[in-house]
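The block underneath contains the structure these notes are about, expressed in structure tokens.
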Amino acid sequence: MRIADCGLRNRRSVLLTSVICAFNLQLSSFILSAFPPALPHTIYGMARDEYGNPLRTSALIVFTTSDGVSVSTTVDDSLEPGVNYRLVVPLDSGVKSDAYKTGAVQASVAFRIRVTVNNTTYLPLEMVGNYSTLGLPGKQTRIDLTLGEDTNGNGLPDAWERAMIAARGWNVNFTNLNANSSPGGNGITLLQEYVAGTYGFEDATGLNLAIARVDAGVPVLEFLAVRGRNYSIVGSADLKSWAPIAFRPLLPDVAADADPIGAYLSPDVRLLQVSVPAPVTGPAPLFYKLQIR
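Take the sequence shown: its position 63, counting from 1, is numbered 101 in this note's numbering, and each next residue is one higher.
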């Protein structure tokens, strides 16, 4: 009788163990199928047309892998200074052969970014050639996008360079121009002019920051603001250490006691004056620089 009881208990034990193992196997399978994805990778930057103007909200930025997976977003000039698009690319952990969801890709996948404007799709200058490779999970990559052709291979669109040459009346060889060239002789490079959008203006009034006057001890700076560009100011007391400086645009719709801002997105083209109050802490700047994005 005891032997029979023992056999029965053993069979029950084996049966129970089998059930537990089967349950664990199913649970393990469920956990693998619901394995958390890797952190997404973010691609961001400034998308510009062939004349250097930041693209407006009608443009579509499309990220496509070599396997055909696509992620898209529209441009938005309110994201942050110097940024008008941001793509968040979902990444798969790579634990299983299939993605955790449709549209997820694995890190280091090859990709290209295209831009669609008014139903016309462009391959930006930065995407010509081999596919780029996506970065690590949870990280960010800045890729500025430039539309147009670049037949002389200097990274600047031909249409903008030819417009620049015509506007300034330069007698230069188009094929010899590079991004660091300064045909105007003022030390300002073509790349700086392209970002600033000042090709249509004379050297003296284009890319320039000046102290217009001093009101009650507060400097008033003046510079040419171009539509679609973001402007910020940095200051220094010794020309060695530079720090962001808040400023107040002197515009009819800005109150005299309005809080200073750190960046200004220009809605039009104008000579803009800004007052630069002394910082709450630290020495007052003696020197200023204008940053354009």
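Think of the CB as a built atom: it goes at the ideal place given N, C-alpha and C, for glycine as much as any other residue. Computed from a predicted model, the values in this text were never measured in an experiment.
Asked, Found
"Three-state secondary structure assigned by DSSP to D253", "strand"
"Close-in-space but distant-in-sequence residues of the same chain around S156 (CB under 8 Å, 5 per side omitted)", "Per the sequence shown, the amino acid found at residue 156 is Asn instead of Ser. For N156, where only same-chain residues beyond five positions count, the Cβ hits under 8 Å are S96."
"Cβ separation of T159 and I81, assumed to be a contact under 8 Å, to the nearest whole Å", "Actually they are not in contact, since the Cβ atoms of T159 and I81 sit about 18 Å apart, beyond 8 Å."
"D87, buried or exposed, once every other Cβ within 10 Å from all chains shown has been counted against 16", "buried"
"Sufficient close CB pairs (3 or more, under 8 Å) joining the stretch 202-214 to the stretch 100-120", "no"
"First through last residue of the beta strand (DSSP E) which encompasses V100", "98-103"
"Cβ-based burial, G255 [other Cβ within 10 Å; buried from 16]", "exposed"
"Entirely enclosed alpha helix (DSSP H) segments - the stretch 162-213, minimum 4 residues", "196-206"
"Expected contact under 8 Å - CB spacing of L183 and G266 to nearest Å", "About 14 Å separates the two Cβ atoms, so there is no contact after all."
"Every unbroken beta strand (DSSP E) inside the stretch 247-295 [3 residues or more]", "247-253, 256-263, 268-274, 281-283"
"DSSP state of I217 mapped onto helix, strand, coil", "First, the amino acid is wrong: residue 217 is Ala here, not Ile. DSSP places A217 in coil when its eight states are reduced to three."
"Cβ separation of I271 and L310, assumed to be a contact under 8 Å, to the nearest whole Å", "Their Cβ separation, rounded to whole angstroms, is 11 Å, which puts I271 and L310 out of contact at 8 Å."
"Exposure of E187, with buried meaning 16 or more beta-carbon neighbours within 10 Å", "exposed"
"Endpoints, beta strand (DSSP E) assigned at Y82", "76-83"
"F101 classed as buried or exposed, judged by whether at least 16 other C-beta atoms fall within 10 angstroms", "buried"
"For E231, three-class secondary structure by DSSP", "helix"
"Span of the beta strand (DSSP E) around I151", "148-155"
"Distance between beta carbons of L288 and S304, contact taken as under 8 Å", "Actually they do not touch by this definition, with Cβ atoms about 14 Å apart."
"Unbroken beta strand (DSSP E) run spanning S304, endpoints", "From DSSP, S304 is part of no beta strand (DSSP E); its letter is neither H nor E."
"Exposure label - I249; buried when at least 16 CB within 10 Å", "exposed"
"Residue closest to G225, alpha-carbon to alpha-carbon, out of L245, G207, N209", "L245"
"Inter-residue Cα distance where the pair is V107 and S219", "40 Å"
"According to DSSP, residues forming a beta bridge with I330", "Y269"
"C-beta contact flag for P119 and R331 at 8 Å", "yes"
"Cα-Cα separation between T154 and V252, rounded to whole angstroms", "47 Å"
"Reduced DSSP secondary structure (H/G/I, E/B, other) of G45", "Low confidence applies to G45: its pLDDT is 49, below 50, so where it sits in the model is not reliable, and the reading given next is rough at best. G45 falls in the helix class under three-state DSSP."
"N122 beta carbon less than 8 Å from that of P92", "yes"
"Environment of G235 [buried if 16+ CB atoms lie within 10 Å]", "buried"
"Expected contact under 8 Å - CB spacing of P75 and L129 to nearest Å", "6 Å"
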